[in-house]
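J.: Residue numbers (this note's numbering), protein chains in the order written: chain A, -8 to 538; chain B, 67 to 440; chain C, 78 to 401; chain D, 172 to 482.
For each residue, glycine too, the CB sits at the ideal point set by N, CA and C.
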Amino acid sequence: MTVEQIATSRSDVAGGQAAPPTTSKTPAIELKGISKSFGPVKANQDVDLKVLPGTIHGIIGENGAGKSTLMSILYGFYEADSGDIFICGKKQDIRSSKDAISAGIGMVHQHFMLVETFTVLENVMLGAEGGSLLNKSSTLARNELLRLSQEYSLAVDPDALIGELPVGLQQRVEILKALYRGAEILILDEPTGVLTPQETEQLFKILDILRSRGVSIILITHKLQEIMAITDRVSVMRAGTMVSERETKDTSKNELAELMVGRKVLLEVTKDEATPQETLLEAKEISYRDEDGILRLDNVSLTLRAGEIVGIAGVSGNGQTELLAALSGICALHQGSITIGDREITPDSPSSAKEIREFGVAHVPEDRHRMGMVTAFDAKEVAIMGYHEDSAYNGAFLMNEKAVENHCRQLMQEYDVRPEDPNLKSANFSGGNQQKLVLAREMDRAPKILLVGQPTRGVDIGAIEFIHKNLIKMRDAGSAILLVSVELEEVLSLSDRIIVMFEGRIVGEVTAKDADACQLGLLMGNAGAEEKRNSSNNTIMTGELSE
Amino acid sequence: MSSPNKNLPGWIDVGLIPLINISLAFLVSGFVIWLIGEDPIEAVKIMINGAFGYDEALGYTLYYTTNFVFTGLAVAVAFHASLFNIGGEGQAYIGGLGVGLLCLLLDQYFPLWLILPLAIIASGLFGAAWAYIPAYLQAYRGSHIVITTIMFNFIAAALMNYLLVNILIAPGSGSPESRVFEETAWLPFMHEIFAWFGAEITRSPLNLSIVLAAIASVFVWFFIWHTRWGYAIRMLGHNENAAQYSGIDTKRVIIGTMCLSGALASFVGINEIMGVHHRILLEFTAGYGFTGIAVSLMGRNHPIGIIIASLLFGALYQGGAELAFEIPTIQKEMITTIQGLVILFCGALALMIRPTLERLFSNFTQNNKTAVVE
Amino acid sequence: MDDFFLLSLSTLDSTLRLSTPLILCAMAGIFSERSGIIDIGLEGKLLAGAFAAAAAAAYSGSAMLGLTAAIFTSIAMALLHGFACITHKGNQVVSGLAINILASGLTVTFGIAWFHQGGQTPNLSGDARFSPVTLPGAEIIREVPFLGPIYTELLSGHNLLVYVAFLAVPLTWWILYKTRFGLRLRAVGENPQAVDTAGISVTFLRYRAVICAGILCGIAGAYLSTAHNAAFGREMSAGQGYIALAAMIFGKWRPVPGLLACLLFGFLNALAFRLEGVSVPGIGQIPVQLMQSLPYVLTVILLAGFIGKAIAPKAIGRPYVKER
Amino acid sequence: DEIKPAVVFDMGGKFDKSFNEGVYNGVEKFKSETGIEYKEFEVTNPSQREQAIRKMAQRGSNPIIGVGFAQEAAIAKVAQEYPDIHFTIIDAVVDLPNVQSVVFKEHEGSFLVGVLAAMASETNTVGFIGGMDIPLIQKFACGYAQGAKYVKGDASVLSNMTGTTPSAWNDPGKGSELAKSQFDRGADVIFAAAGGTGIGVYQAAKDAGKLAIGVDSNQNHLQPGTMLTSMTKQVDVAAYNTFKTAMEGTWKPGILSLGLAENGVDWALDENNKSLITDEMTAKVKEAREEIVAGKISVHDYMEDNSCPSL
Ligand SMILES: Nc1ncnc2c1ncn2[C@@H]1O[C@H](COP(=O)(O)OP(=O)(O)OP(=O)(O)O)[C@@H](O)[C@H]1O
Ligand SMILES: Nc1ncnc2c1ncn2[C@@H]1O[C@H](COP(=O)(O)OP(=O)(O)OP(=O)(O)O)[C@@H](O)[C@H]1O
Ligand SMILES: [Mg+2]
Ligand SMILES: [Mg+2]
């Protein structure tokens, strides 16, 4: 099948008639002997991969295994040092994303490639405007977009600003972008890392539809249940090489886990009853407005007690971020009070992130690249963020570099951050390892109170196990932990108490043992209060309803 | 500068590439000189000899270098907090005012060893003050530092013009200059200092403030990369959210950084007013503040780079003057052109030849490897 | 009262003349910076354009040829900027400064070589210069009270380039927000990766952006030397490029606010001219210098008082590097 | 044996449309007449003044001309180091045995053009546009104002300065705007002492059909028909004479204060402007000149006390 043919068949996908599932058994994608190294790092070594048409093919692997790199190569973002790419049996040399697109490949990048200041429509059109004037092409695009969102039930408001959409919807936009360009092959890099269970479910429904439409899909994920749930075949990468491939139906989570980590891992958290003690932090009716005056926290009250993990469940963008920010002193309250020890923080006596940290409060922010680290810094500098004024690292005038480096190396050993090099630029660690570094920094000091957001986002299962163990350990050592996660699984398995947030309010609180996923799911969706929802959530809803 | 992350040995990056760049710059300059019918080779000879050839020339080169180090460091420090301080010119101007006022005040009463530290403080304070307002507005009112600092350059010029014409002007003098300070308020010239030790060198404006420049460079290096304050500054510069997360008071850091920046720029006043002219006069900053921007960025905002860049510009200024002096047909605008070309090739096009070299180098190493294998 | 009205008319009149080059340069800056390329080089392009226009007009006796020459010269400098910053990932500020310095050196050097008037070009007159255009009906409605003068004195009777400048604003707005090119241009300034992964060449896009900037600066230059004045004089841009830059930021990288900022600058200057030497009852004569710094002081105050934070295009100043 | 003359121009550069350019014309004239080459240098920052002058001295140049008040200190210093080299400084006084100081009574010349301006004015309002607010320029303004008020006691004089940075001397655009603003305020004759900025003023006058007055050299030819006159200041002559006398060995140190009496300053009349100058004007100016020379009118010199009664 030549590029032209793809192009035509693409245009008729766009035209509405779904492309018939390709019956021929020539693989939709075939990679032969792909190698890529970044300087010393061999990100991919002689990787082979076959993806059959109309199937979903999973790829798993530890952080830094080379998954994203491989996909970036397939999508023409990086150029392989060696190796060939065959699309539908035809050798293509893909030198740029342009080539990839015209070869019918679409990719949903791990860090979305969206222009935040643009509307959904503008983002979808970008690069495929079809006309040098926007007015008329945008009306066409709008219709096409609506048609697509109908067909694949990807409801999203075309005029919403990307920056104001929850990640789940941003991802939909990425998928729509690909479909809009008539992708026959869809690559998703850790798509569920940022989604709520509902959203994930949504996504999988969509992927299912796409598959039935004959689209071939590559799915990168760290979550084995997802692999088991949706993929047809699965390949495992380790340290830049393909170590094995399985038919999903003939394999099991544990086997896969073992294949990718190279050892046994226990997948479910084991913990004994919590023994909550004295209250360490108490928030009374706190409210917070952002610069635009939007009410983000709407008199929230909660208490954190020693030896207890409180989980916050909720669709992302319902105030969890702000709650963490408020409790950690990053943003100032407008009402209410927070009591830590004998210090009472009120709008009149505000506090600072610095002061609160001195009370023994540690904070793992949800988004490491936005807050948790400085990608331009060396690992060792990242390892002391927030503690950089600590006397341990400072002389009278100069910093004590040795101490800093040693501290970092020790963290890297304890939390197995790879590569174990305190002087490596933190951007050059794979995200999973970046996450471990941030966690290490915050957990290492055995803080009295730990505020932690999305602790395992983008982290491989080996590391997840490790992180969960440590959280439990801290709890048992008597720390109070506030856990914010969009992974319902995670919240359920770690928390002792679960609080559900919706639009900045607490809409429910349950003890972990008598909580169950679907009940929480309903609370998170705040079912029964649709009319109060803002447009973006609204579209999710209609999306859900349109099933 | 886009930090190149391909691997080339250090000596190529810091040695060979700049060398090639500057040669390119001179090649093109030579072409322009040839166009107006002069001998390029001769011209380059004159420039280099005029910048380094004899002690007086070297003296002038280093005297200019001193100014550029100050303004370059000023820009760099602000830059690390991702603040773009275009106001070096004005801050230097006002800093000079500070120095001058202090000298006019104390020169009859106090000896140098007392006046000097006070003068340094005075200029620092004045320069910092002039940077403080834009900084404050940036931090608390979000007004863009680039605009405000540009504006403050103009305002500084107006202020100095007013003061010199109406207030500071020496009685009975026709030119808008303050009275000359007593000798007690003069920084010793280098040729004087050498003379104390019996060494004989030709007189030049080069004076003690070059030592201050050296100290400032070392200070900035330690401060930015090896202290908690520098750590905070760099973090703010790279990622404001992360800075807030780390409990850094971003507003105070912005203001602090700009004040430091302004103080550094203001030391041009020490060199010019206390070191060379020994009176307050108009336009003594002569664009050093603006050139500081190029110096800092060409020096990759690092003291060592800045010192090298300053030396380059010092050489251009002095060598250029020499060239204009020796070859009448070469006007001062030609010198300006040459300076522009140097900034273009050594600054803006600094990375132009890098890819080529990378290819050459990798081929080279490849061949070696294979050779070893066989 | 009535001659106060006329005086204020004339103030606004000179406001228009003074802001024209600022407006053109500010729009130029918007094109360049919205695509992620910092453009400190406005000043240099302006100066080079002014020289080219005057030189060409002096030789050919045609203002239009002058304009063309200005545009091409300015584009050439813009391309140099692009070559350094886009192709070779050079530092955009340094490149801009280099261009400014080159311009101030080369213009005079060539000027002396060609015209032997110390860098000045011969005086232009007649067709070698853009002369005032009277708008239709200006004469007829002159007598109409109030509106008459406003139309004839204020709006009519400027030279072509003034009107071009004011048309450039809606045009810029239209290109930026209503065309595919504009959409991509804004996108590449915010997130070049998104543009690249959408299969668009970041490089080509940014080159086109700086060319647009070149064209506008060229026009501004022609205005300086062949419309507002009748010859090129050394350094005649006198820092207006920097002011335009400030105005553009002031206008938050958007055409219409940018226009307003430029008009504000022009107005404050025009006002300062007229207030100079006027003595205020009580205070007496205000020092000249205070008057001259008035526009700058007021700008700072306005900036501090009313205009909120200006957010630059996200990707501005960062060359787009991609693994190969 | 031939002399080795040299000249050091100041920051404006030898093409500043002002006194530097005047000196340049003078020494060029000398060169073309005698065929004797001279060394020259244009300073670009304050510390180059001393450097250049000293360098000239080291190279055995003699005499050496320093242009502009700003070189006062530099000349004073170097002249002491080289007692047997002859220095001439223009626009400033250095009291040394080997220095000749040439200063001009710009106020007297300005007085005359002030008279002309006032008489040519129909609105009874005349304007002055200076470059930067410095004493030398105030000197022009002050004499001009006094002259205008001398013929028309009720004449009002508008005065503007272009700016506070060096670009004030090279900003024709601002010059023309300032001129237009003064026209708006009723002026119909403008005297510009602002270097290159003046070009814009003269252009504006032409465009508005009003009158302008040139400065330093005879600039009537720049806009024939709308240049009322020019206040000429014989810097060229002074520079020329320095070299000439040096050549003939008649160069003398001391202060040359050149006013109307010495024809150091004057007003220009040529075919470019004779249509604008009525006999009445000529007569009036002649009278004023004689009274000044005779000391009947004392024209106030701003630089005496840095103040101006008539402005
Ligand atoms: N642009 C780059 N420059 C240098 N090294 C890189 C680059 N991109 C990736 N690497 C390195 O290549 C290896 C593979 O990275 P990659 O992102 O493909 O891993 P991954 O499987 O996606 O990890 P994760 O599971 O965290 O997403 C890592 O060690 C990473 O540091
Ligand atoms: N210039 C670079 N040098 C070395 N490593 C790099 C460079 N750029 C990116 N990397 C690393 O290579 C990987 C490729 O980027 P990518 O975003 O896929 O990582 P990731 O781990 O998949 O992302 P996430 O942070 O969501 O886990 C990242 O881990 C990144 O940190
Ligand atoms: Mg990845
Ligand atoms: Mg990842």
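Could you tell me the distance, in whole angstroms, from the CA atom of D79 (chain B) to the CA atom of V94 (chain B)?
T.: Taking the straight line from one Cα to the other gives about 22 Å.
J.: Of all Cβ atoms in chain A, is any one closer than 8 Å to the Cβ of I288 (chain C)?
T.: Not a single CB atom of chain A sits nearer than 8 Å to the CB of I288 (chain C).
J.: Using the beta-carbon count (16 or more within 10 Å), is G7 (chain A) buried or exposed?
T.: Since pLDDT at G7 (chain A) reaches only 39, below the 50 mark, its modelled position is unreliable, and the value read off the structure follows with that caveat. Answer is exposed; the Cβ neighbour count stays below 16.
J.: Using the rule of at least 16 other Cβ atoms within 10 Å of the residue's Cβ for burial, across every protein chain shown, is Y254 (chain C) buried or exposed?
T.: exposed
J.: Starting from M228 (chain A), trace the alpha helix (DSSP H) in both directions and tell me its first and last residue.
T.: Careful: M228 (chain A) lies outside any alpha helix (DSSP H), inside the beta strand (DSSP E) at 224 to 229.
J.: Going by C-alpha to C-alpha distance, which of D:D450, D:N216, D:K248, D:E462 sits closest to P268 (chain D)?
T.: D:K248
J.: Does the separation of the CB atoms of I47 (chain A) and L210 (chain A) fall below 8 Å?
T.: Contact flag set, yes.
J.: May I ask you to check if the CB of V32 (chain A) is nearer than 7 Å to at least one heavy atom of ligand 1?
T.: yes
J.: Drop a sphere of 10 angstroms on the beta-carbon of L191 (chain B), count the other beta-carbons inside from all chains shown, and report buried for 16 or more, exposed for fewer.
T.: buried
J.: What is the residue span of the beta strand (DSSP E) that K351 (chain D) lies within?
T.: Looking at the DSSP string, K351 (chain D) is not in any beta strand (DSSP E); the run it does join, the alpha helix (DSSP H), is 343 to 355.
J.: Considering only residues of the region 297 to 381 of chain A, which uninterrupted beta strand (DSSP E) runs meet the minimum length of 3 residues and lie entirely inside it, listed in chain order?
T.: Taking 3 residues as the minimum length, the beta strand (DSSP E) runs contained wholly in the region 297 to 381 of chain A are 299 to 304, 326 to 331, 334 to 336, 352 to 355, in order along the chain.
J.: Are V178 (chain D) and E211 (chain D) closer than 8 Å when you measure CB to CB?
T.: yes
J.: Is any heavy atom of ligand 1 found at a distance shorter than 7 Å from the C-beta of D451 (chain A)?
T.: yes
J.: Determine, using beta carbons only, whether A471 (chain A) and R296 (chain A) come nearer to each other than 8 Å.
T.: Taking 8 Å as the cut-off, the beta carbon of A471 (chain A) is found closer than this to the beta carbon of R296 (chain A).
J.: Around the C-beta of V355 (chain C), are 16 or more other C-beta atoms found within 10 angstroms, so that it is buried, or is it exposed?
T.: exposed
J.: Just confirm the distance between the C-beta atoms of S109 (chain C) and V287 (chain C), as a whole number of angstroms; I'd bet it's less than 8 Å.
T.: 5 Å
J.: Quick one: is S87 (chain C) near chain D, going by C-beta distance under 8 Å?
T.: yes
J.: Should G52 (chain A) be counted as a contact of ligand 6 given a C-beta to heavy atom distance under 7 Å?
T.: What this structure holds is ligand 1, ligand 2, ligand 3 and ligand 4, not ligand 6.
J.: Could you name the residues of the same chain whose beta carbon sits closer than 6 Å to that of P421 (chain B), not counting the 5 residues immediately before and after it, in chain order?
T.: none
J.: Shorter than 8 Å from the beta carbon of D437 (chain D) to some beta carbon of chain C?
T.: No, D437 (chain D) lies away from the interface with chain C (no Cβ there is under 8 Å from its Cβ).
J.: So, helix, strand or coil for A34 (chain A), using DSSP?
T.: strand
J.: Below 6 Å CB to CB, which residues in the same chain sit around A103 (chain C) once its five sequence neighbours on both sides are set aside?
T.: Excluding its 5 nearest sequence neighbours in each direction, A103 (chain C) has C-beta neighbours in its own chain below 6 Å: A321, A324, M325, G335, C339, listed in chain order.
J.: For chain B, check one thing: does any of its Cβ atoms lie closer than 8 Å to the Cβ of T376 (chain C)?
T.: yes
J.: K416 (chain A): beta carbon under 7 Å from a heavy atom of ligand 1?
T.: no
J.: Counting only beta-carbon atoms, is G276 (chain C) nearer than 8 Å to chain A?
T.: yes
J.: With DSSP as the reference, please indicate the residues paired to A274 (chain A) in a beta bridge.
T.: A:L293, A:I329
J.: Given the structure, does G495 (chain A) come close to ligand 1, in the sense that its CB is under 7 Å from one of the ligand's heavy atoms?
T.: no
J.: Roughly how many whole angstroms lie between the Cα atoms of S312 (chain B) and W291 (chain B)?
T.: Using only the alpha carbons, I get a separation of about 17 Å.
J.: At a cut of 8 Å, does the region 121 to 140 of chain B reach the region 373 to 388 of chain B through at least three beta carbon pairs?
T.: yes
J.: Under 8 Å, do P438 (chain A) and V355 (chain A) count as touching if we go by C-beta distance?
T.: no
J.: Against chain D, which members of the region 227 to 247 of chain B pass a CB distance test of less than 9 Å?
T.: N227, Y228, L230, V231, N232, I235, P237, G238, S239, G240, S241, P242, E243, V246
J.: Ligand 1 heavy atoms versus the CB of E122 (chain B): any closer than 7 Å?
T.: Not so, every heavy atom of ligand 1 lies at least 7 Å from the Cβ.
J.: What number of angstroms, rounded off, separates the C-alpha of L137 (chain A) from the C-alpha of L145 (chain A)?
T.: 9 Å
J.: Residues in its own chain within less than 7 Å of R401 (chain C) by CB, not counting five upstream and five downstream?
T.: At R401 (chain C), the pLDDT of 48 sits below 50, so the modelled position is not reliable; the number obtained from the coordinates is stated separately. If we look at R401 (chain C) and ignore the five residues flanking it on each side, it has no Cβ neighbours.
J.: Taking Cβ-Cβ distances shorter than 9 Å, what residues in chain A pair up with H292 (chain B)?
T.: In chain order: F388, L389, M390, E392.
J.: Are L61 (chain A) and V38 (chain A) touching if we call contact CB-CB under 8 Å?
T.: Yes; because the gap between Cβ atoms is below 8 Å, this pair is in contact.
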